[in-house]
Structures are given as C-alpha cells and as structure tokens.
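Just below is one structure, and these are the notes that go with it.
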DNA sequence: CGCAATTTAATTGTGCACAATCAAAATGTG
DNA sequence: CACATTTTGATTGTGCACAATTAAATTGCG
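Protein chains in written order, with this note's numbering: chain Y, 3 to 192; chain D, 3 to 192.
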C-alpha cells in the first residue's frame with residue numbers, strides 16, 4: 003500500500019548538500035546506493051510483471067528471452083544463446099533442461115561438431131509464439147514510457163553499464179605480471 | 003572483450019517504425035525488451051562491481067545493505083530491515099544466518115515480544131564500518147555519473163517501478179470478491 | 001603422430017528472490 | 001474463556017546468477 007518508495011539510505015538531510023562541499027561521503031553514499039537500489043527495484047518490478055504476464059505461457063522471464071531468440075534465429079547452438087542474452091552455460095544448462103522437460107525445445111549434439119549442442123524448437127515451442135505475441139505490447143504499455151522516455155533511460159543505462167564494467171575490470175585481478183606494488187591509491191586518473 | 007552491448011532483440015530494422023503504424027508489435031518488442039534488458043545489464047554490472055569492491059570485507063551487496071542499515075539504525079528487528087530494504091524474511095533469514103556465522107551480528111529474540119528477532123552488531127560488525135566507509139565514494143566514482151545524471155536516472159526508474167508495480171497489481175489475482183464482471187476498466191477508485 | 005592448449009558444455013556449490021507453508025504469539029470477537 | 005484472525009519469523013522448494021571445476025573434442029605445434 004505504501005505508494006512511496008522510501009529509499010533505504012534516506013538520510014536526515016532532505017534537499018541540502020547541493021553544493022560541492024566536504025560532505026562528499028554522504029553525497030557519494032546517496033549517489034551510489036540510491037542508484038543501485040532504484041535500479042534493483044525497477045529490475046524486480048519488471049520481473050514481477052513478467053511473472054504475471056508469462057504465467058499463462060508457463061515461462062519465466064529468462065526462459066521467455068531464450069524463446070524470443072529461438073523464434074527469431076531458429077535452431078542455434080547454446081553458445082549463441084549465451085552471446086545474445088549474456089548468460090553463461092551455468093545459467094543456460096538447467097534453464098534449457100527445464101524448457102526441454104516442458105516440451106518446448108530439443109537439445110541435440112551437432113553432427114559437424116560433437117562439442118556443440120544445438121537447440122531447436124518443437125512444434126509446441128513454435129506454436130507458443132502465437133500466445134506470446136501480445137506480451138511485448140502489454141509490457142510496453144505497463145511501463146507508461148513513450149519512445150523518448152525509453153530512449154533516455156536506455157542511453158543512461160548503457161552508459162552506466164559501460165562505466166561499471168570498466169571499473170570492475172580495472173579493480174579486479176590486477177595481479178600485475180611485473181610490478182604489483184601499488185595498493186592504496188589506484189584512484190582513477192583517467 | 004566485446005565492448006559493445008548488442009541487444010538481444012536487435013531486429014533488422016534500424017531507425018524505422020517511427021510512426022504509430024501497424025508495426026506496433028515490433029516497436030513494443032523493442033521498447034519493453036530493450037528497457038528490461040539494459041536494466042538487468044546495469045543491475046548485474048552494479049552487482050559485479052560491488053562484488054569486487056566488497057570482497058575484502060567478505061560481504062555481498064545485499065549483506066552490505068543490511069550492514070548499512072544496522073550501522074545507521076543500530077539494533078533493529080528483522081521486520082525493520084525488510085521494510086528498509088524491501089526484502090522478505092525468506093531472503094533475510096539465510097542472509098542474516100550467514101552474517102551471524104561470519105561473526106558480524108547476533109540474533110536475539112526480544113524479551114518484550116517473543117515473536118520478534120532483534121539483530122544487533124557485534125564489535126566485529128561495528129568495526130567493519132571503518133573498512134566500508136570508502137565503498138560509496140568508490141562506487142559513485144565508478145558510475146561516472148554526476149548529480150544531474152543520477153537524479154535523472156532515479157526519477158525515471160522510480161516512475162518506471164511505480165508503473166510496473168501498478169500494472170502487476172491490476173493484472174494478477176483479480177478474483178473480484180463480489181462482482182468480477184468488469185474486465186477492461188478496473189481502474190482503482192480508492 | 002603425440003601432446004599441450006583451447007573451446008564448448010556440463011556439473012557443482014554458493015547466494016539471492018520469491019512463493020507457499022507452518023508455528024508461535026498477540027489480538028479480536030462472540 | 002474459546003476460537004478465529006493477524007502478525008512475525010522460519011522453513012522449504014524453485015529458479016536464476018555466478019565462480020570454479022571437470023570432461024570431451026578440436027586445434028596447434030614440434
């Protein structure tokens with residue numbers, strides 16, 4: 003019922019700290035935590051709505067994404083699914099097993115390359131497309147976003163993801179092959 | 003290595019369908035899927051960076067959020083943690099068990115209300131705050147976002163989450179107690 | 001050809017999100 | 001007081017994300 007979305011980091015100062023003061027810590031805390039938190043909230047809200055909308059199809063959202071790729075690309079190796087959806091085999095393997103158990107797909111090893119498992123739709127899986135065609139419009143309507151809103155959001159998110167990926171790559175695993183001396187600094191001077 | 007973020011729904015038509023034509027399906031597909039997908043990508047990028055940054059503290063991101071609340075609010079019932087962080091007990095219970103196993107918190111039933119379990123920090127958990135104080139700044143810097151970017155993003159995400167929550171509430175479980183006749187409208191007149 | 005490195009997918013284990021169910025205690029009602 | 005409801009938290013089961021390891025097959029090199 004609480005229509006509001008009380009942030010977890012809602013510290014006591016409401017509208018202040020608008021200047022570039024010494025309050026950098028609080029400000030940074032708000033900056034990062036609120037972004038990440040509202041991001042997760044939106045992500046979960048999407049998942050919840052997809053859960054409702056996809057219930058009749060018997061699909062979860064990640065399963066629906068896999069089916070979208072299969073409907074569009076046809077038979078394809080698991081590797082390709084992982085590239086399109088940014089999912090690794092640890093996620094895809096059990097997911098595909100469940101889709102096979104549901105009778106929507108078949109897994110078959112490629113004759114040309116014994117290592118590769120190819121996923122292809124069953125007649126049932128192909129038929130499901132007809133029931134799924136209304137989903138995108140339904141979800142899009144639920145967002146209340148027009149094309150401009152969506153574009154603004156996607157641009158911001160893409161930029162954010164790129165920056166975060168870069169930072170993670172720089173921070174993690176810098177077992178410098180030669181001189182791993184630095185420890186304290188490592189602040190970005192880019 | 004692929005620095006780009008090739009969307010999974012990257013259908014063959016680049017910049018067309020700008021008018022409100024019959025092509026609504028493709029457009030809607032792009033609208034909803036690309037938003038949700040880039041949202042998840044950003045969410046996972048945040049998680050990955052937090053994973054790197056928090057590794058030294060031995061915390062995951064949700065555990066870090068719990069510690070933030072405890073550092074700010076002090077001893078508090080589990081119920082309060084769930085409200086602040088929008089997590090249910092099914093998520094918090096095992097999480098808090100792991101924090102207790104790590105020696106950062108203690109769980110103790112309230113004397114006044116036997117049902118309520120109160121979480122309080124150990125000396126070790128309190129001390130961890132010193133090591134954590136740099137985290138927000140680090141993350142905020144990694145986003146590359148200034149105050150304006152962050153505000154724009156948060157506003158969009160908050161609006162999106164609200165719209166999605168409303169839609170999910172209306173779509174799911176409309177077993178109307180008395181007159182379930184209405185199907186199209188059902189607008190809330192509360 | 002023989003053998004190491006690479007690729008591809010599976011497997012295992014940890015952690016989080018969520019739904020469903022259960023138990024205990026407080027509260028409300030007849 | 002007896003009984004239903006509500007609240008609070010735990011428990012269980014499913015599904016996804018991710019890291020680490022393993023296995024099988026291909027590729028590259030001497």
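Cβ coordinates follow ideal geometry from the N, Cα and C atoms, glycine included.
Using a Cβ-Cβ distance cut-off of 8 Å, the segment 155-170 of chain Y and the segment 128-138 of chain D are not in contact, since fewer than three pairs of beta carbons, one from each stretch, lie closer than that value. Restricted to the segment 67-131 of chain Y, the beta strand (DSSP E) segments that are unbroken, complete and at least 3 residues in length are 107-111, 119-123, listed in chain order. Using a CB distance cut-off of 8 Å, residue 92 (chain Y) does not count as an interface residue toward chain D. Within 8 Å of the CB of residue 36 (chain D), the CB atoms of chain Y belong to 152, 156, in sequence order along the chain. At a C-beta separation below 9 Å, residue 165 (chain Y) has these neighbours in chain D: 47, 144, 145, 146, 147.
Of D:148, D:115, D:77, D:140, the smallest CA-CA separation from residue 109 (chain D) is found for D:77. In this structure, residue 134 (chain D) lies near residue 59 (chain D), with their beta-carbon atoms less than 8 Å apart.
When secondary structure is reduced to three states using DSSP, residue 61 (chain D) falls in the coil class, being assigned neither helix nor strand. Counting C-beta pairs with one atom in each stretch, the segment 35-50 of chain Y and the segment 162-170 of chain D have three or more that are closer than 8 Å, which means they touch. By the C-beta density criterion, residue 136 (chain D) is exposed, having fewer than 16 other C-beta atoms within 10 angstroms. Just measuring C-alpha positions, the residue of Y:103, Y:38, Y:113, Y:36 sitting nearest residue 65 (chain Y) is Y:103. Exclusion of the five residues before and after residue 72 (chain Y) leaves 123 as the residues of its chain whose Cβ lies within less than 6 Å of its Cβ. With respect to the C-alpha of residue 166 (chain Y), the residue from D:39, D:46, D:38, D:37 having the closest C-alpha is D:46. By the C-beta density criterion, residue 93 (chain D) is exposed, having fewer than 16 other C-beta atoms within 10 angstroms. By alpha-carbon distance to residue 67 (chain D), the top candidate from D:105, D:101, D:148 is D:101.
Scanning D:74, D:56, D:80, D:87 for the CA closest to the CA of residue 40 (chain Y) turns up D:87. Judged by DSSP secondary structure, residue 146 (chain D) falls outside any alpha helix (DSSP H); it is assigned neither H nor E. Of D:84, D:160, D:42, the smallest CA-CA separation from residue 118 (chain D) is found for D:84.
Residue 38 (chain Y) carries a helical assignment under DSSP once its states are collapsed to helix, strand and coil. By the C-beta density criterion, residue 138 (chain Y) is buried, having at least 16 other C-beta atoms within 10 angstroms. Residue 37 (chain Y) and residue 152 (chain D) do touch by the CB rule: their CB atoms are close to 6 Å apart, below 8 Å.
For residue 162 (chain D), at least one C-beta of chain Y is nearer than 8 Å to its own C-beta. Taking C-beta atoms as the reference points, residue 141 (chain D) and residue 55 (chain D) count as a pair closer than 8 Å. With the criterion set as a beta carbon lying under 9 Å from some beta carbon of chain D, the members of the segment 124-138 of chain Y are 135, 136, 137, 138, in sequence order. Per the coordinates, the alpha-carbon of residue 75 (chain Y) lies some 10 Å from the alpha-carbon of residue 69 (chain Y).
With contacts defined by Cβ atoms closer than 8 Å, residue 80 (chain Y) and residue 98 (chain Y) form a contacting pair.
Comparing alpha carbon positions, the residue from D:161, D:149, D:107, D:113 closest to residue 61 (chain D) is D:107. With a 10 Å radius around the Cβ and a threshold of 16 neighbouring Cβ atoms, residue 44 (chain D) comes out buried. Excluding residues up to 5 positions away in sequence, 84 lie with their Cβ nearer than 8 Å to the Cβ of residue 90 (chain Y) in the same chain. Taken through DSSP and simplified to helix, strand or coil, residue 140 (chain Y) comes out as helix. Rounded to the nearest whole angstrom, the C-alpha separation of residue 150 (chain Y) and residue 150 (chain D) is 18 Å. Only 71, 74, 85, 86, 87, 88 from the segment 71-104 of chain D bring a Cβ to less than 9 Å from some Cβ of chain Y.
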